[in-house]
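Reading through the structure tokens given below for one structure.
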Amino acid sequence: MSDEPVTAVILAAGEGQRLEPLTNRRPKPMVPVANRPLLEHVVEAVAAAGVDRIVLVVGYRQERIRNHFGDGDDWDVTIEYVEQPTQLGTGHAVLQAEPVVDGPFVVLNGDRIVDPAIVSRVRDLARDDESPAMAVTTAEHPREYGVVHLDGDRVTEIEEKPEGTVETNLINAGVYAFSPIVFDAIRETHATGELAITTTLTERATTEGLTAVRYDGRWLDVSNLWDLLTVNAALIGESERTATSDPGVGGSVAV
């Protein structure tokens, strides 16, 4: 396995109109969950996965993010910033990182909380293979997300919020592995309206291959105001379970 450094690009330029009025004066990734900004949970997962260089793609109310995270020293990582002045889609957001990314990298959404384990797995694929990869997980209501169709461990199609009945509960988990060749692929993507990274991936899946990384760990999405209740309950409950775990002494101990 290669030990080439991998950068994490976190998409954090979103305004989050569906979270108004909480986002009237802050970007969506800075909405608090479990007493900390949503984005901080994402940064911590990346740091815990052993990725120590982060590029934050910022835009709306970006000063709130820059002031909170600074250079990343408080999280033992190096944080750099690139700007997406206008929100033109996730593919366009990834393109903004091109000037500062010249090696393998992972991409995460700044509004979805995942475990460090999936970041590590996707990071390893980024190191070892120039072909793109994406994490997939399951959802109770898959039509609310990007539904993923597989053939073995290969992605054949990504349907964004499809209408009607879907035959799978697999969805896009929003963690990707890329090499710099993806930047040209994004520019060559045929898109109408916003340029989504999933459009690029769907176009390339049939010609160059797109590996699916199955994931059944923590996946917390904040898209609507009511999601905050669910995510807060999950994180606070997790914290309470950790805090109330009975301390014990294992094995033979001599005092």
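Under the UniProt record's numbering, the letters of the sequence shown match residues 1 to 255, in that order.
Note that CB positions come from ideal geometry on N, CA and C, so glycine has one too.
query                                                                                                                        : result
Beta-carbon proximity list for residue 131, same chain, < 7 angstroms, skipping 5 on both sides                              : 208, 209 and 211
Beta-carbon gap between residue 115 and residue 217 smaller than 7 angstroms                                                 : yes
As assigned by DSSP and simplified to three states, the class of residue 92                                                  : helix
Within the region 64 to 88, ranges of the beta strand (DSSP E) (whole runs, at least 3 residues)                             : 78 to 83
C-beta contact flag for residue 113 and residue 220 at 7 angstroms                                                           : yes
Coarse secondary structure for residue 254, derived from DSSP in three states                                                : Bear in mind that a pLDDT of 43 at residue 254, under 50, signals an unreliable position, so the number given afterwards is only what the model happens to contain. In the structure shown, residue 254 sits in coil (DSSP, three-state: anything other than H, G, I, E or B).
Residue closest to residue 10, alpha-carbon to alpha-carbon, out of 24, 32, 38 and 187                                       : 38
Selection from 204, 179, 178 and 177 that minimises the alpha carbon distance to residue 190                                 : 204
Bridge-paired residues (DSSP) for residue 221                                                                                : 112
Exposure of residue 18, with buried meaning 16 or more beta-carbon neighbours within 10 Å                                    : exposed
Candidates 180, 76, 223 and 175, of which the one nearest residue 144 by Cα                                                  : 223
Cβ contact (3+ pairs, closer than 8 angstroms) linking the region 165 to 174 and the region 133 to 148                       : yes
Other residues of its chain near residue 256: CB distance less than 6 angstroms, five sequence neighbours each side excluded : In the structure displayed, the chain extends from 1 to 255; residue 256 sits before or after that span and is not available.
Nearest residue (CA-CA) to residue 152, options 13, 213 and 194                                                              : 213
Residue 181, DSSP secondary structure in three states                                                                        : coil
Whole-angstrom distance between residue 178 and residue 120, CA atom to CA atom                                              : 14 angstroms
Supposed close pair residue 72, residue 79 - CB separation, criterion 8 angstroms                                            : 3 angstroms
Identity of the residue in 225, 170, 55 and 30 nearest residue 101 by Cα                                                     : 55
Residue 151, DSSP secondary structure in three states                                                                        : strand
For residue 187, three-class secondary structure by DSSP                                                                     : helix
6 angstroms Cβ shell around residue 194 - same chain, five flanking residues per side excluded                               : 88 and 89
Bridge partners - residue 138, DSSP secondary structure assignment                                                           : 170
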